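What follows is a single structure, written as structure tokens, with notes after it.
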Amino acid sequence: MRGKSKVNKTNEPKIKARPGRKPMTPEEKEAAAKLRAAEKGKADNLKVEFVLQYQGAEVDMEALAEKAKADFHTTKKRKLVTELKLYIKPEEHTAYYGKH
Numbered sequence: 100m101r102g103k104s105k106v107n108k109t110n111e112p113k114i115k116a117r118p119g120r121k122p123m124t125p126e127e128k129e130a131a132a133k134l135r136a137a138e139k140g141k142a143d144n145l146k147v148e149f150v151l152q153y154q155g156a157e158v159d160m161e162a163l164a165e166k167a168k169a170d171f172h173t174t175k176k177r178k179l180v181t182e183l184k185l186y187i188k189p190e191e192h193t194a195y196y197g198k199h
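Below is the structure:
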């Protein structure tokens, strides 16, 4: 019986099993979706911490921004800070701020 191919006698489609992990149950899918949504929310509210290091000195940029806001509020008490640009000159150990 050469040349004949094997025929699936049950007429059921053959499901190929992928190696690795098994399929998730609906409960597991829901839990994974909740976890992913929580991670996405955390990523959307990401707060970046910048630290400038120069010649052995270290400056926390967040603290520098807060100092600039405080200095701005000492001169203009009722005005809100909506945009802040910091100009940093580490070689002179100075920082300037500008509000546009």
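Going by our numbering, the sequence shown opens with residue 100, and the numbers climb by one from there.
We put the CB at the ideal spot given by N, CA and C, even for glycine.
Remember, predicted model here, so these are calculated numbers, not experimental data.
Consider the C-beta atom of residue i and the heavy atoms of the ligand ZN; say whether any pair is separated by less than 7 Å.
| i | result |
| --- | --- |
| M160 | Ligands are entirely absent from the displayed structure, and the ligand ZN is therefore not among its contents. |
Taking 8 Å as the threshold (C-beta atoms), are residue j and residue i in contact?
| i | j | result |
| --- | --- | --- |
| V200 | K168 | What the structure shows of the chain is the stretch from 100 to 199, and residue 200 is not part of that stretch, so it cannot be assessed. |
| G151 | I187 | Just to set this straight, residue 151 is Leu in the shown sequence, not Gly. Their beta carbons are under 8 Å apart, which means L151 touches I187 by this criterion. |
| E148 | E161 | yes |
| G197 | K178 | no |
| M123 | A132 | no |
If you follow the alpha helix (DSSP H) that residue i is in, where does it begin and where does it stop?
| i | result |
| --- | --- |
| E138 | 125-143 |
| L163 | 160-174 |
Less than 6 Å between C-beta atoms, sequence neighbours within five positions excluded: which residues of the same chain meet that for residue i?
| i | result |
| --- | --- |
| L163 | A194 |
Looking only at its own chain, which residues have a Cβ that is under 7 Å from the Cβ of residue i, when we skip the five neighbours before and after it?
| i | result |
| --- | --- |
| Y153 | P189 |
| P118 | none |
Would you list the one or two residues that DSSP bridges to residue i?
| i | result |
| --- | --- |
| T193 | K188 |
| V150 | D159 |
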